[in-house]
Each structure stands twice: as structure tokens, then as C-alpha cells.
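>
Numbering (the UniProt record's numbering), first residue to last: 1 to 406.
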């Protein structure tokens with residue numbers, strides 16, 4: 001049986017504005033803002049080197065309806081490189097780069113096929129193997145109806161059938177729901193591979209047949225942690241091999257650092273620098289949330305003696321001249337349980353009240369910030385996990401503040 005090889009890519013979000021980053025020096029901010037382009041270039045270089053039979057790009061090439069001229073130019077140049085190496089590309093546009101958006105039209109080379117608003121099926125012949133690729137592009141930003149019924153049934157058992165779909169698993173409320181589908185609906189089409197886009201978390205929903213989200217190629221904020229990239233897929237009838245290829249130029253993550261038995265500031269700075277250097281050598285450039293663990297009463301008293309903003313500023317200063325870039329976005333403290341037990345009745349009463357708040361209550365608490373006419377447009381929508389993190393941080397803050405003052 002003949003196998004084929006292709007790259008499954010989605011959610012490039014070229015020229016993303018990178019919300020939520022504050023205080024970063026201009027030269028470092030430029031590195032961050034260029035990271036989607038660096039990730040895209042890594043994809044192009046990988047294709048030139050590995051020469052897959054074709055590439056699938058499953059939506060959201062750009063970050064919004066008003067595509068920047070730079071993003072469009074970079075993308076067109078990348079497609080020209082692939083054309084020079086005779087690598088076909090199949091594109092379906094998603095909710096961020098829908099067909100109705102505003103853009104300066106660049107003519108894409110002949111190796112690129114762009115699916116239109118009506119679902120269609122394209123035929124390829126690869127080493128005596130018939131391959132059919134089906135997909136559609138969003139005609140507008142909000143495609144709420146299920147589109148799976150528009151995909152034809154795969155009846156030719158000798159050919160390889162691939163579906164491209166930018167959409168959401170029905171019932172998943174963690175993201176905006178577009179073009180919803182169920183796994184059973186996809187399986188029933190008898191396709192050999194479903195290449196999904198829209199959800200930025202890399203995941204395999206089903207393996208026989210593969211129903212796969214490749215995730216985005218570059219993290220853009222704190223909720224998109226870990227390495228990002230695409231899948232290099234080798235596929236034949238009844239078998240698929242998926243290899244993850246990292247493209248992310250900068251990783252967003254949380255780094256835990258033990259402060260056990262730390263009583264002096266120089267000791268603290270030493271363990272923090274060591275932890276950051278180890279992360280850098282393993283993963284490269286990053287935006288990190290630093291989490292201090294095993295913090296006892298002595299360490300807590302030392303840290304509380306100076307505003308946390310000063311500790312954060314000193315950590316950032318220690319990393320300024322190091323390459324690749326590591327930007328510490330925040331520092332949080334996780335105290336030992338023995339400290340928690342010493343908290344006052346007042347602390348426990350306040351925390352108990354907070355524990356009874358639901359998502360609606362927390363939305364009201366933060367509404368002044370998220371309804372601000374100027375600030376709100378620069379802020380990401382909070383998820384249920386974000387609200388849980390706010391609750392945990394508030395509890396830890398109350399414990400530290402009241403313990404130190406007692």
C-alpha cells in the first residue's frame with residue numbers, strides 16, 4: 001500500500017498583537033511580536049528540507065479581519081518558496097481570516113489551492129495513489145451552523161480521503177463555537193484523516209481514523225502554554241504516523257522554583273537564576289510565570305520585606321543580557337500548609353466567602369477592569385480556569401498579608 005506524507009498546520013495568526021504583555025523593553029517586545037513570523041519561517045524551512053507531498057493549512061492564517069500588509073506579504077513570499085520547490089498547499093480560511101475580511105490582495109502562486117465558501121473535493125495523484133482533500137472557507141467570521149453534512153461520503157475504499165475543518169467539537173464551551181461537529185459525525189464519513197483547526201491546543205481526538213488538532217504554531221498569551229508547531233503525517237489506508245514538529249520561537253509557560261530553606265536574598269537570586277538558565281538551555285526563549293513553592297515563614301518574611309514588583313524587576317534585570325530571551329511576566333507564591341494553618345479566623349472567614357462565589361460573582365468583581373472603555377480591548381476574555389486562578393491568587397494574597405501583619 002502506497003503511503004503519502006503531508007504537513008498538517010493550523011492557526012498561524014501572523015502578526016498577532018500579543019495581548020497582556022506589559023513593561024517589556026522595546027527591543028524584547030520586537031522579538032516577541034516577530035515570533036509568529038519566525039515560527040512561519042521555520043515551517044517553510046522544514047517543508048523545503050523534508051519535501052512533503054503537500055501541506056494543509058486549516059484556517060486563521062492571519063490574526064484578524066484587517067490583515068496587516070506585512071503579514072500578507074510574508075505569507076505570499078512563503079508560498080512562493082514552496083512553489084519553487086513544487087510543494088502544493090491547500091488552504092481553508094477560518095473565523096479570523098474569513099473570505100469577507102479586508103485585505104490587500106496578493107496573488108498566490110499556482111501551487112496554492114484556496115477552498116471557497118462551498119465545500120469542495122480536490123483530487124491528487126501521488127505515486128499511483130488517489131488522494132481526495134475536502135474543505136471549505138468561512139464566508140464570514142461567524143459560521144455557527146454545522147458544516148459536516150456538506151462533506152461528501154467517502155465510498156472509494158482504495159483512495160485516501162482527507163477532510164479539512166476549522167471548527168469546534170460540539171458542546172465544548174472553552175472556545176467560541178464555530179462549525180460544530182461530533183466525533184461520530186466525522187467517523188461516519190469514512191475519511192482516513194481529519195485535519196482540524198481553531199482550537200490552539202494540540203490534541204488527537206480519535207486515532208482510527210485520526211481526528212487531529214495540530215494547535216497553533218506560536219503561543220500568543222499565558223493560556224497557550226508549552227511548545228507549539230505542526231504535525232508531520234505519514235498516512236496510508238488504516239495507518240497513520242504523526243510526528244510533532246516544534247516551530248514556536250518563544251514558549252509561554254509556568255516555572256516552579258523551590259524556596260525550601262531560603263532565608264537570604266542572595267540565595268534566592270541564585271536559585272532563581274539557576275532555574276531560568278536550565279529552562280533556557282532546554283527550551284530556549286520564553287515568557288514565564290515564576291511560581292515560588294515550599295515557601296516557609298522565614299522565606300515569606302524575607303520576600304514580604306520588599307514589594308514584589310522590586311523582586312520581579314531585579315529578576316528581569318538579571319536576564320536582560322542573556323540570550324535567548326526569557327521574560328518573567330509575574331511571580332506568585334505558594335506557601336507551605338503549615339503556614340496556612342496559622343492564618344487567623346478573619347482570614348478563614350474571608351476565604352470561605354470567596355470559595356462560595358461562582359463565575360458570575362467573579363465576573364462582577366473584575367467588571368470594572370473588563371468593562372473599561374480603553375483597557376478592555378487590550379485584554380483577553382477570561383476562561384473558567386482564569387477565574388479559578390484569580391481565586392487561588394486572592395486566597396494566597398490574603399493569607400500572606402494577614403499572617404505577616406499578625
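Ideal placement from N, C-alpha and C gives every residue a C-beta, glycine not left out.
#1: What would DSSP say about residue 247, mapped onto helix, strand or coil?
#2: Using DSSP bridges, identify the partner residues of residue 160.
#3: Just curious, the beta strand (DSSP E) that residue 207 is in, first and last residue?
#4: Below 8 Å on the Cβ atoms is my contact criterion, and I expect residue 247 with residue 39 to pass it. Report the Cβ-Cβ distance as a whole number of Å.
#5: On a CA-only basis, which of 326, 73, 143, 90 is nearest residue 27? Give me that one, please.
#6: On the three-state DSSP scale, how would you describe residue 151?
#7: Taking the continuous beta strand (DSSP E) assigned at residue 8, which residues delimit it?
#8: Near residue 80, what residues of its chain come up, given a Cβ to Cβ distance below 7 Å and the 5 sequence neighbours on each side ignored?
#9: To the nearest angstrom, how far is the alpha carbon of residue 222 from that of residue 155?
#10: Quick check on residue 78: does DSSP put it in helix, strand or coil?
#11: State the start and end residues of the unbroken beta strand (DSSP E) segment that holds residue 121.
#12: Are there 16 or more other CB atoms within 10 angstroms of the CB of residue 359, so buried, or fewer, so exposed?
#13: Please classify residue 228 as buried or exposed, where buried requires at least 16 other C-beta atoms within 10 Å of its C-beta.
#14: Three or more beta-carbon pairs under 8 Å between the region 262-281 and the region 301-320, yes or no?
#15: Any chance you could list the alpha helix (DSSP H) runs of at least 4 consecutive residues sitting entirely within the region 287-360, in chain order?
#16: Can you tell me whether DSSP reads residue 61 as helix, strand or coil?
#17: Assign residue 150 to buried or exposed, taking buried as 16 or more other Cβ atoms, counted over all protein chains shown, within 10 Å of its Cβ.
#18: Decide yes or no for the touch test of the region 211-218 against the region 190-197: beta carbon pairs closer than 8 Å, at least 3 of them.
#19: Give the range of the beta strand (DSSP E) segment to which residue 196 is assigned.
#20: Could you spell out the range, first to last residue, of the beta strand (DSSP E) harbouring residue 113?
#21: In terms of residues, what are the limits of the beta strand (DSSP E) holding residue 97?
#22: So, for residue 366: in the same chain, excluding its five sequence neighbours on each side, which residues have a beta-carbon less than 8 Å away from its beta-carbon?
#23: Alpha carbon to alpha carbon, how far is residue 314 from residue 283?
#24: Which stretch, first to last residue, makes up the beta strand (DSSP E) that contains residue 232?
#25: Looking at residue 115 and residue 137, is the spacing between their C-beta atoms short of 7 Å?
A quick look at the data gives this:
#1: Note: residue 247 maps to coil in three-state DSSP.
#2: Beta-bridge pairing links residue 160 to 131.
#3: Segment 203-207, the beta strand (DSSP E) holding residue 207.
#4: Going by Cβ atoms, the distance from residue 247 to residue 39 rounds to 4 Å, so yes, they are a contact pair.
#5: The shortest Cα separation from residue 27 among 326, 73, 143, 90 belongs to 326.
#6: Residue 151: coil per DSSP, three-state reduction.
#7: DSSP places residue 8 inside the beta strand (DSSP E), whose first and last residues are 4-9.
#8: Cβ neighbours of residue 80 within its own chain (closer than 7 Å, five residues either side excluded): 109.
#9: Computed Cα separation, rounded: 44 Å.
#10: DSSP places residue 78 in helix when its eight states are reduced to three.
#11: Boundaries of the beta strand (DSSP E) harbouring residue 121: 120-126, taken from the DSSP string.
#12: Classification for residue 359: exposed.
#13: Counting Cβ neighbours within 10 Å, residue 228 comes out buried, since at least 16 surround it.
#14: The answer is yes - the region 301-320 touches the region 262-281, with three or more Cβ pairs under 8 Å.
#15: Qualifying alpha helix (DSSP H) stretches, in chain order: 297-304, 308-319, 337-340, 345-355.
#16: The three-state secondary structure of residue 61, taken from DSSP, is coil.
#17: Residue 150 is exposed by the Cβ-count criterion.
#18: Of all C-beta pairs linking the region 211-218 to the region 190-197, three or more are shorter than 8 Å, placing the two stretches in contact.
#19: In this chain, the beta strand (DSSP E) harbouring residue 196 covers 193-197.
#20: Residue 113 -> beta strand (DSSP E) spans 112-114.
#21: First-last for residue 97: undefined, no H or E at that position.
#22: Around residue 366, the same chain offers 382, 390 as residues with beta carbons nearer than 8 Å, after the five sequence neighbours per side are excluded.
#23: Computed Cα separation, rounded: 22 Å.
#24: Element bounds for residue 232: 229-236.
#25: Closer than 7 Å, so yes.
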